[in-house]
Amino acid sequence: MIKIPENNQIITHESQHWKRIIIKIGSALLIDKDRGNIRLDWLESIAADVEFLKQKGYQVIIVSSGSIGLGRKILNLPMSKKLEENQAAAAVGQIELATAYRTILGKRQITMAQILLTYGDTEERRRYLNARNTINRLLDLNVIPVINENDTVATDEVRYGDNDRLAARVASMCEADCLFLLSDIDGLYTADPHRNNTAEFINNIQEITPEIEAMAGEPVSTGFGSGGMVTKIAAAKIAVASGCHMVITNGIKNNPIQKYFDGAKGTWFHASGNPLAAKKKWIGASLDVIGQLIIDDGAVKALKSGKSLLPAGIIKIKGQFDRGDTIHIMDKNSMIIGQGITAYSAQDAILLIGHKSQEIEQILGYSGREEIIHRNDLVIK
Numbered sequence: 067m068i069k070i071p072e073n074n075q076i077i078t079h080e081s082q083h084w085k086r087i088i089i090k091i092g093s094a095l096l097i098d099k100d101r102g103n104i105r106l107d108w109l110e111s112i113a114a115d116v117e118f119l120k121q122k123g124y125q126v127i128i129v130s131s132g133s134i135g136l137g138r139k140i141l142n143l144p145m146s147k148k149l150e151e152n153q154a155a156a157a158v159g160q161i162e163l164a165t166a167y168r169t170i171l172g173k174r175q176i177t178m179a180q181i182l183l184t185y186g187d188t189e190e191r192r193r194y195l196n197a198r199n200t201i202n203r204l205l206d207l208n209v210i211p212v213i214n215e216n217d218t219v220a221t222d223e224v225r226y227g228d229n230d231r232l233a234a235r236v237a238s239m240c241e242a243d244c245l246f247l248l249s250d251i252d253g254l255y256t257a258d259p260h261r262n263n264t265a266e267f268i269n270n271i272q273e274i275t276p277e278i279e280a281m282a283g284e285p286v287s288t289g290f291g292s293g294g295m296v297t298k299i300a301a302a303k304i305a306v307a308s309g310c311h312m313v314i315t316n317g318i319k320n321n322p323i324q325k326y327f328d329g330a331k332g333t334w335f336h337a338s339g340n341p342l343a344a345k346k347k348w349i350g351a352s353l354d355v356i357g358q359l360i361i362d363d364g365a366v367k368a369l370k371s372g373k374s375l376l377p378a379g380i381i382k383i384k385g386q387f388d389r390g391d392t393i394h395i396m397d398k399n400s401m402i403i404g405q406g407i408t409a410y411s412a413q414d415a416i417l418l419i420g421h422k423s424q425e426i427e428q429i430l431g432y433s434g435r436e437e438i439i440h441r442n443d444l445v446i447k
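Reading the sequence shown from the start, the letters are residues 67 to 447 in our numbering.
Now the structure itself:
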């Protein structure tokens with residue numbers, strides 16, 4: 067159970083049921099602003115925080131900036147907003163960034179993987195599913211995904227531009243339980259505490275109102291980072307809507323995650339429900355349903371008891387749909403049983419009608435999921 071300071075007046079959240087935590091690390095914390103190098107001692111403490119979380123049974127994802135700043139240092143380029151220069155710097159700096167994480171996490175026998183995402187990877191359905199499946203598989207293999215925006219190919223027109231919102235989209239994608247945004251201040255204040263000494267700290271946010279958004283002020287850009295509190299509030303809106311709690315806490319000193327668990331300050335944004343419930347709510351509310359699966363009585367019974375839909379229970383398929391689309395599930399009397407996200411296209415699903423899951427690879431020539439629709443991707447009406 068996370069210890070939340072009593073003076074924060076936050077209801078203690080049961081965390082023993084949590085599975086996944088995301089840590090977002092910005093360039094301004096990671097890179098020494100005077101030397102332009104990685105703050106290695108500080109990153110060592112983050113590795114200790116990761117180990118601390120893993121020992122508690124959590125899966126951990128890191129979303130880290132830093133490639134452009136590091137690349138510009140290596141290439142001896144001054145900071146600028148020139149797209150081609152930033153892309154070139156990112157290509158050089160990302161190697162340095164990944165090497166640092168691999169070395170420091172490796173000292174603790176923690177394996178890491180590098181994942182570079184673009185805006186399209188989180189917003190276009192098929193690419194979203196591919197990215198999600200890769201991240202989930204890495205976590206199942208006890209690997210720490212270290213994620214960054216792919217600044218080498220991202221353009222100004224189609225990119226996040228800050229990793230706060232990227233981290234929130236990853237939290238939504240991977241059904242994370244809590245997102246930690248590490249900042250240079252303790253959390254959200256009623257005004258900028260660097261400019262206004264009467265600014266009051268806000269411990270607990272149940273709902274992100276226009277008044278809360280106004281407190282974030284204007285977007286900021288430093289030598290090694292961009293965004294400020296504005297993008298953190300935008301990230302909070304994405305995270306809490308997907309059932310993920312979010313914390314903004316001070317990350318300047320070593321071991322910021324352990325410090326928060328031990329009672330350090332932080333602004334807590336309450337999620338609306340849990341990740342799975344939020345996902346199912348979205349599936350159930352989807353109006354873009356473009357296909358139908360007709361299933362037998364045994365499959366109907368299995369679904370109503372909380373099971374996944376296997377190919378053996380399918381009688382007929384109607385409509386054209388792709389993997390990742392939302393489709394209706396119907397009984398033999400054309401009554402809608404529910405709807406869910408299919409793991410197979412209509413073309414492949416037709417070939418699997420009535421077959422056992424262990425026959426999928428032989429029929430399709432590749433090994434896909436055992437279920438046509440997993441129970442976590444399914445809503446029963």
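Glycine is no exception: its CB is placed at the ideal position from the N, C-alpha and C atoms.
Can you tell which of K120, H260 and T392 has its C-alpha closest to the C-alpha of S411? For the purposes of this step, residue 411 is taken as the residue at position 345 of the sequence shown. When each option's Cα is compared against that of S411, the closest is T392.
Ordered list of alpha helix (DSSP H) runs contained in the region 387 to 447, each at least 4 residues: DSSP runs (the alpha helix (DSSP H)) wholly in the region 387 to 447: 412 to 418 and 426 to 430.
What are the residues that DSSP puts in a beta bridge with S130? Counting from one through the sequence shown, the residue named residue 130 turns up at place 64. In DSSP, S130 forms a bridge with I91.
If contacts are defined as beta-carbon pairs under 8 Å, then I91 and S131 qualify, I think. What distance do you get, rounded to the angstrom? Within the sequence shown, the letter at position 25 stands for residue 91. Within the sequence shown, the letter at position 65 stands for residue 131. With 8 Å as the limit, I91 and S131 qualify as a contact, their Cβ atoms being about 7 Å apart.
DSSP on A179, reduced to helix/strand/coil? Walking along the sequence shown from the start, residue 179 turns up at place 113. Of the three classes helix, strand and coil, the one that applies to A179 here is strand, per DSSP.
Three Cβ pairs or more, each shorter than 8 Å: is that satisfied between the region 209 to 223 and the region 264 to 275? These segments do not touch.
Express the C-alpha separation of K303 and D198 in angstroms, rounding to a whole number. Your numbering for residue 198 matches position 132 in the sequence shown. Your numbering for residue 303 matches position 237 in the sequence shown. Asp is not the amino acid found at residue 198; the sequence shown has Arg there. Note on geometry: alpha-carbon atoms of R198 and K303 lie some 20 Å from one another.
Beta-carbon within less than 7 Å of T288's beta-carbon, same chain only, minus the 5 sequence neighbours each way: which residues are those? Here residue 288 is taken as the residue at index 222 of the sequence shown, counted from 1. In this prediction, T288 scores a pLDDT of 49, lower than 50, which makes its location untrustworthy; no coordinate-derived value is stated.
Is it buried or exposed for H260, if we count other Cβ within 10 angstroms and need 16 for buried? The residue given as residue 260 occupies position 194 in the sequence shown. Around the CB of H260, fewer than 16 other CB atoms lie within 10 Å, so the residue is classed as exposed.
Which class does K449 belong to by DSSP, given the choice of helix, strand or coil? Only positions 67 to 447 of the chain appear in the structure, and residue 449 is not among them; the question remains open.
Would a C-beta distance cut-off of 8 Å place T333 and L254 closer than the cut-off? Translated into the one-based positions of the sequence shown, residue 333 becomes position 267. Translated into the one-based positions of the sequence shown, residue 254 becomes position 188. Yes, these two residues count as a Cβ contact at 8 Å.
Here's the rule I'm using: 16 or more other beta-carbon atoms within 10 Å means buried, otherwise exposed. How should K346 be labelled? Position 280 of the sequence shown, counted from the first residue, corresponds to residue 346. Looking at its Cβ environment, which holds 16 or more other Cβ atoms inside 10 Å, K346 is buried.
Might you give, ordered along the chain, the residues of its own chain that have their beta carbon closer than 7 Å to the beta carbon of M295, omitting 5 neighbours on each side? As a position in the sequence shown, residue 295 is number 229, starting the count at 1. Residues of the same chain with a CB within less than 7 Å of the CB of M295, apart from the 5 flanking positions on each side, are L254, A282 and G283 in chain order.
Threshold first: 4 residues or longer. Then list the alpha helix (DSSP H) segments lying entirely within the region 234 to 267, N to C. Residue ranges of uninterrupted alpha helix (DSSP H) with 4 or more members are absent from the region 234 to 267; none lies entirely inside it.
Does the contact criterion of 3 or more C-beta pairs under 8 Å hold for the region 227 to 246 versus the region 308 to 317? Yes, they touch.
Skipping 5 residues on each side, what residues in its chain have a beta carbon closer than 8 Å to that of E117? Taking the first residue of the sequence shown as 1, we reach residue 117 at position 51. For E117, same chain residues with a beta-carbon under 8 Å away, outside a window of 5 residues either side, are R174 and I176 in chain order.
With a threshold of 6 Å on Cβ separation, who are the neighbours of T256 within its own chain once the five nearest residues in sequence on each side are excluded? Stepping through the sequence shown from its first residue, residue 256 is reached at position 190. Answer for T256: A265, E266 and M281, listed in chain order.
What's the call for G317, buried or exposed, on a 16-neighbour Cβ count within 10 Å? Sequence index remark: in the sequence shown, residue 317 carries index 251 (1-based). Residue burial is scored here from C-beta neighbours: G317 has at least 16 other C-beta atoms within 10 angstroms and is therefore classed as buried.
Reduced DSSP secondary structure (H/G/I, E/B, other) of G289: As a working mapping, residue 289 is identified with position 223 in the sequence shown. Unreliable positioning characterises G289 in this predicted model, as indicated by a pLDDT of 46, which lies under 50. The coordinate reading is nonetheless provided below. Here DSSP, grouped into helix, strand and coil, assigns G289 to coil.
The beta strand (DSSP E) enclosing I360, as first and last residue numbers: Residue 360 sits at position 294 when you count from the first residue of the sequence shown. Under the DSSP assignment, I360 falls in the beta strand (DSSP E) whose first and last residues are V355 to I361.
Using alpha carbons as the reference points, say which of R389, G329, I429 and I140 lies closest to Y194. In the sequence shown, counting from the first residue as 1, residue 194 sits at position 128. It is R389.
DSSP state of E162 mapped onto helix, strand, coil: Position 96 of the sequence shown, counting from 1, holds the residue named residue 162. DSSP places E162 in helix when its eight states are reduced to three.
Would L359 pass as a contact of I395 if the rule is Cβ separation under 8 Å? Position 293 of the sequence shown, counted from the start, is the residue given in the question as residue 359. Position 329 of the sequence shown, counted from the start, is the residue given in the question as residue 395. For L359 and I395, yes; Cβs fall inside 8 Å.
Residue(s) in a DSSP beta bridge with N269: Taking the sequence shown and counting its residues from 1, the one referred to as residue 269 is at position 203. Beta-bridge pairing links N269 to no other residue.
Measuring only the C-alpha atoms, how far is I251 from E162? In the sequence shown, counting from the first residue as 1, residue 251 sits at position 185. In the sequence shown, counting from the first residue as 1, residue 162 sits at position 96. Looking at the two C-alpha atoms, the distance is approximately 27 Å.
Enclosing alpha helix (DSSP H) for V313 [first to last residue]: Here the question's residue 313 lines up with position 247 in the sequence shown. Where V313 is concerned, there is no enclosing alpha helix (DSSP H), although the beta strand (DSSP E) around it starts and stops at H311 to N316.
Just to confirm before moving on: does the CB-CB distance between I27 and I380 stay below 8 Å? The structure shown does not extend to residue 27, since the chain is modelled only from 67 through 447, so no value can be given for it.
Hey, would you say A415 sits closer than 8 Å to I383, going by beta carbons? Taking the first residue of the sequence shown as position 1, residue 415 is located at position 349. Taking the first residue of the sequence shown as position 1, residue 383 is located at position 317. Their beta carbons are under 8 Å apart, which means A415 touches I383 by this criterion.
Evaluate A343 with the Cβ neighbour count: other Cβ atoms within 10 Å of its Cβ, from every protein chain shown; 16 or more gives buried, anything less gives exposed. For the purposes of this step, residue 343 is identified with residue 277 of the sequence shown, where counting begins at 1. A343 counts as exposed, since fewer than 16 other C-beta atoms from the protein chains shown sit within 10 angstroms of its C-beta.
Below 8 Å between beta carbons: does that hold for A242 and R86? Here residue 242 refers to the residue found at position 176 when the sequence shown is read from its first residue. Here residue 86 refers to the residue found at position 20 when the sequence shown is read from its first residue. Cβ atoms of A242 and R86: closer than 8 Å.
Option in R435, G339 and I299 with minimal Cα separation from D228: As a working mapping, residue 228 is identified with position 162 in the sequence shown. For D228, the closest alpha carbon among the candidates R435, G339 and I299 is that of I299.
Mind checking whether Q160 and S133 have CB atoms under 8 Å apart? As a position in the sequence shown, residue 160 is number 94, starting the count at 1. As a position in the sequence shown, residue 133 is number 67, starting the count at 1. Their beta carbons are under 8 Å apart, which means Q160 touches S133 by this criterion.
According to DSSP, is E215 part of a helix, a strand, or is it coil? For the purposes of this step, residue 215 is taken as residue 149 along the sequence shown, with counting starting at 1. Residue state for E215 is assigned as strand, using DSSP reduced to three classes.
With DSSP collapsed to three states, give me the class of R198. Position 132 of the sequence shown, counted from the first residue, corresponds to residue 198. DSSP places R198 in helix when its eight states are reduced to three.
First and last residue of the beta strand (DSSP E) that includes W334? Residue 334 sits at position 268 when you count from the first residue of the sequence shown. Annotation for W334: the continuous beta strand (DSSP E) segment containing it runs T333 to F335.
Exposure label - S111; buried when at least 16 CB within 10 Å: Stepping through the sequence shown from its first residue, residue 111 is reached at position 45. For S111, the number of other beta carbons within 10 angstroms of its own is at least 16, and it is reported as buried.
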